[in-house]
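The structure appears below as C-alpha cells.
Number of protein chains: 2
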Amino acid sequence: MPEHVVIIGSGPAGWAAAIYAARANLHPLVFEGAETEDNRIAGTLPLGQLNLTTEVENYPGFPAGHLQHFIRTAVAKDRVETYLEPLEEHAHAVTGPELMNLMRQQAENFGTRIITDDIVSVDLSRQPYKLTSLGGQTVQTHTVIIATGAKANYLGLASEERFKNRGVSACAVCDGALPRFRNKPLVVVGGGDTAVEEATYLSKYASTVHMLLRRDKFRASKVMEDRAKNNAKIKIHHFREVAEVLGDDKQGLTGVRVKNNQDGSTDDLSAGGLFLAIGHTPNTAFLEGQLELTPLGYIKFTTPQRTYTSKEGVFAAGDVADDYYRQAVTSAGTGCMAALDAERYLAAKGI
Amino acid sequence: MPEHVVIIGSGPAGWAAAIYAARANLHPLVFEGAETEDNRIAGTLPLGQLNLTTEVENYPGFPAGHLQHFIRTAVAKDRVETYLEPLEEHAHAVTGPELMNLMRQQAENFGTRIITDDIVSVDLSRQPYKLTSLGGQTVQTHTVIIATGAKANYLGLASEERFKNRGVSACAVCDGALPRFRNKPLVVVGGGDTAVEEATYLSKYASTVHMLLRRDKFRASKVMEDRAKNNAKIKIHHFREVAEVLGDDKQGLTGVRVKNNQDGSTDDLSAGGLFLAIGHTPNTAFLEGQLELTPLGYIKFTTPQRTYTSKEGVFAAGDVADDYYRQAVTSAGTGCMAALDAERYLAAKGI
Chain A
1 MPEHVVIIGS GPAGWAAAIY AARANLHPLV FEGAETEDNR IAGTLPLGQL NLTTEVENYP
61 GFPAGHLQHF IRTAVAKDRV ETYLEPLEEH AHAVTGPELM NLMRQQAENF GTRIITDDIV
121 SVDLSRQPYK LTSLGGQTVQ THTVIIATGA KANYLGLASE ERFKNRGVSA CAVCDGALPR
181 FRNKPLVVVG GGDTAVEEAT YLSKYASTVH MLLRRDKFRA SKVMEDRAKN NAKIKIHHFR
241 EVAEVLGDDK QGLTGVRVKN NQDGSTDDLS AGGLFLAIGH TPNTAFLEGQ LELTPLGYIK
301 FTTPQRTYTS KEGVFAAGDV ADDYYRQAVT SAGTGCMAAL DAERYLAAKG I
Chain B
1 MPEHVVIIGS GPAGWAAAIY AARANLHPLV FEGAETEDNR IAGTLPLGQL NLTTEVENYP
61 GFPAGHLQHF IRTAVAKDRV ETYLEPLEEH AHAVTGPELM NLMRQQAENF GTRIITDDIV
121 SVDLSRQPYK LTSLGGQTVQ THTVIIATGA KANYLGLASE ERFKNRGVSA CAVCDGALPR
181 FRNKPLVVVG GGDTAVEEAT YLSKYASTVH MLLRRDKFRA SKVMEDRAKN NAKIKIHHFR
241 EVAEVLGDDK QGLTGVRVKN NQDGSTDDLS AGGLFLAIGH TPNTAFLEGQ LELTPLGYIK
301 FTTPQRTYTS KEGVFAAGDV ADDYYRQAVT SAGTGCMAAL DAERYLAAKG I
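Protein chains in written order, with our numbering: chain A, 1 to 351; chain B, 1 to 351.
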C-alpha cells in the first residue's frame, strides 16, 4: 500500500513537517539522508545545514540560558543554586545539532518512521508517486514533502578542495571560532548579505578580515554594506578573485593568491583561513524534469501563501524553495504548512 | 526621530520579528498589549493566544522531556541521575506561557524595547506612520510590523457571558483539564477542524462530548470528521444551536438549552462545560480604512511568499494575516520574514 506522506530531508523543514504529519495520524516516513562521503547525489544533508553550525541564537524559543530558565521553574527554590552552579558553562544558546536532534526526537515521539537513506530519483509522472533511494529501496506514496535544503557553493579550485576543513570553510558561524583562525588575517569571498554577516562574525576572532568582491559594488543590502564598511577590522577589496589557495600539508592553508580581474595582476595574502560566501545551490538535481523549478533551480511554489508545487500532492518546504529568507524558523514554518497542506489534500481525496 | 520599526503584538509572530529586527540593529520597539479588563479595543492579547494554553507539543524544538535532554549534555555523566530524578515531573513539553516568555526574553536580550501598552489607532496615510496607544502615547515610525493575532469567537448570548470561566470556554486545550470538566458531559459548538480537535481533546477528560453542528455537514476535513465519528465518546448532533446557557451562581454552568433549527424544538442537555469552536476574528479593528483587509477582516498580503501589505513599510505576521494554518511555528516564521522584509525595505530606502 502506498505511503500517505513521505518527507525527504531532515532539517527544520523536514522535522516540522514530520511532527505535524505524525500528529495528524498520517504515519509519515522520513528519508533523512545517508552519511555518504559525497552527498551530492540527491543532496539531502543529514539534519540539514544547521547540523554544521555551532550556536543558534535566533531560533525563537531558545534564548541563551534557556536551560537555567527551566531549572528555575523545575526545582524547589532552595535548591535552584545547587542546580545552576554546575550548569553555568551551559548558558549558551542551543546549538544547531542539539536543536536538530530535539526536533528529530519530537517527530519520533509522535510515531514518525525514519530511514537513514537518501532519495536519489523520483517518478512524479503518475500517482501514486514512486521514489527510489540510494540504497535501492523503492517507495510509493500519495504525497511527498520535499525538504532537501540547499548547499553552500565553492569556487571549484583543486587547491580549495585540498584545504577544506584545513583552513577553507563555507560557514564562518560553524568554524570561525576554531583556534586555527584566532588572531589571524582571514579572507571572505563574496559581496552579499551572507558575506557581510560572515565577515562581521569572523571579525570577532580575526586580526583582519579581507573581503574579496568581484565587482565594484556590494550585492548586500545597504545596512549590511555599511556594517562592513564601519567595521575597523574589515578591509574591502573590489575587483578581486581567488586564483589559488596557498598552503602545505603540515599547516594547511597559509594564504590566498588574489587576482585583480581588471589588470590580471596577482597578489599573495597571508591568511589563516578562507571563507566562501558565494551563495547556495538548492538540492533539486534529482527532480530535474519532474517538477517546475526557478531559473536558479529552487522549487517553484504555484500558489501564494501555500506550499503547493507544480504537481498535485507534492509540497515543498524550507531552503529548497527559498532563496530569500533561509532561516531555521522560516523553514520550520513552511515545513508545518506543507504537512497541513498534505493532510488537507489527502482528506479532500478521501485517502 | 521616528522609530525604525515598531512591532504591535506579542505572540510568536511579534517576538520572532523582534528577535530578528534586534539582531539586524533596528532597535525595535514592541507594544506588547495592555493588561486591561477588555482588550478588544485594539485587540493585542499580551503574549498572544499561546499564553492561554497549557502544553505546546507541536512547536518544533521542544519534545516532551527536552529539559532532561539538556541535563544529559550539561552535567557530568555520573551526576546525571541525581539531576534528573527531581525533574521527572517536569518531563512535559514546554507550556504556552513558558514558550512565550522564552521568546520575550530572547528578544529583550538582543536589545528589544518593550512597552506594556496597546496601539489603538494608526495613521498610515503618510510617512512616517503615526501610532497612538491606549495610554495616550504617540509614536512615529518608518516601518510597522502588525502581529496582533486573532481572537476566538463567542455566540453573544448574555447567559454565555455570565458563565465565562465558570463553565464556558473558547479553548479546550487551555481549560479542558480543569477539575470542573472531569467525567462530566461536555458540549462543543462548531463543525470545523478546530471543533473536532477540541472535542477529541476533551474526550480524554469528559464522560461524553456532544458536538453541536448547525448544518447537516462538517466543515472539517474528512480526516477530522472521521476522527470525531470514530471516537466512542463523541456524539454528533446536526441542525443544533445553543439557545441558552443554563446554570446558577453557585455551580456556574450546569447545562445547555439546545435548539433544533429545523423544527424549532428545544432540549436541555445536562453538561459541565460549553466549548465554543466557531472560528476566530482577526484583531484588525484599529486598521479599518488604513490597510487592505480580506472579507473576513484579515490583513491582505500583496505579494506571494512575502509579508508586504497594501502600504509600503507596513508588514503583517502571524494569525492576523492567516486564517488557514494558525500555528505557533508558522506565526514565528512569518514574524521572522516580516523583520527581514522591514530590514531590506529600510536598507533600500537608505534609512
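Note that CB positions come from ideal geometry on N, CA and C, so glycine has one too. A quick note: this is a predicted structure, and the numbers were derived from the prediction, not measured.
For B/GLY273, the beta-bridge partners assigned by DSSP are B/LEU186.
Chain A places a beta carbon closer than 8 angstroms to that of B/ARG23, counting this residue as a contact. The beta-carbon separation of A/VAL56 and A/THR95, rounded to 7 angstroms, stays under the 8 angstroms limit for a contact.
Here A/ALA232 is exposed, its C-beta having fewer than 16 other C-beta atoms within 10 Å. If you look at B/THR73, you'll find it isn't in any beta strand (DSSP E); it sits in the alpha helix (DSSP H) that goes 66–74.
A/ILE7 is outside the set of residues whose beta carbon lies under 8 angstroms from a beta carbon in chain B. Within the stretch 205–254 of chain B, the complete alpha helix (DSSP H) segments of 4 residues or longer fall at 222–229, listed in chain order. Residue burial is scored here from C-beta neighbours: B/PRO28 has at least 16 other C-beta atoms within 10 angstroms and is therefore classed as buried.
Close to B/ARG344, with beta-carbon spacing below 7 angstroms, are these residues of chain A in chain order: SER221. Interface flag for A/ALA64 against chain B is set, since a Cβ pair is found closer than 8 angstroms. DSSP places A/ILE119 within a strand segment (E or B) once states are collapsed to three.
Under the 10 Å beta carbon count, A/LEU296 is surrounded by fewer than 16 other beta carbons and is classified as exposed. Look at A/VAL258: its C-beta is not under 8 angstroms from any C-beta on chain B. One thing to note: B/VAL245 has its Cβ within 8 angstroms of the Cβ of B/SER159.
Put simply, the CB of A/LEU29 is far from chain B, with every gap to its CB atoms at 8 angstroms or more. With a threshold of 16 other beta carbon atoms within 10 Å, B/GLU292 falls short and is exposed.
Contact between B/ARG23 and B/PHE110 holds, since their C-beta atoms are separated by about 5 angstroms, short of 8 angstroms.
Considering only beta carbons, the part of the stretch 319–330 of chain A lying closer than 7 angstroms to chain B consists of TYR325, GLN327, VAL329 and THR330, in chain order.
One Cα belongs to A/GLY11, the other to B/ARG166, and the distance between them is close to 44 angstroms.
The alpha-carbon of A/LEU50 is positioned some 45 angstroms away from that of B/GLY273. The criterion of a C-beta distance shorter than 8 angstroms is satisfied by B/ALA332 and B/ALA13.
By the C-beta density criterion, B/ALA76 is exposed, having fewer than 16 other C-beta atoms within 10 angstroms. Per DSSP, the unbroken beta strand (DSSP E) holding A/ILE146 starts and ends at 138–146.
Under the DSSP definition of a beta bridge, A/LYS130 partners with A/ASP123 and A/GLN140. Neighbours of A/PRO12 across chain B, judged by C-beta separation under 7 angstroms: PRO60. Annotation: the continuous beta strand (DSSP E) that includes B/PRO282 extends over 280–282.
Taking the Cβ atoms as the reference, B/GLY318 lies roughly 5 angstroms from B/ALA147, within the contact range of under 8 angstroms. The beta-carbon of B/CYS336 is placed less than 8 angstroms from the nearest beta-carbon of chain A. In the DSSP annotation of this structure, the continuous segment of the beta strand (DSSP E) that includes B/LEU29 starts and ends at 29–31.
Under DSSP, B/PHE315 forms a beta bridge with B/ILE145 and B/TYR308.
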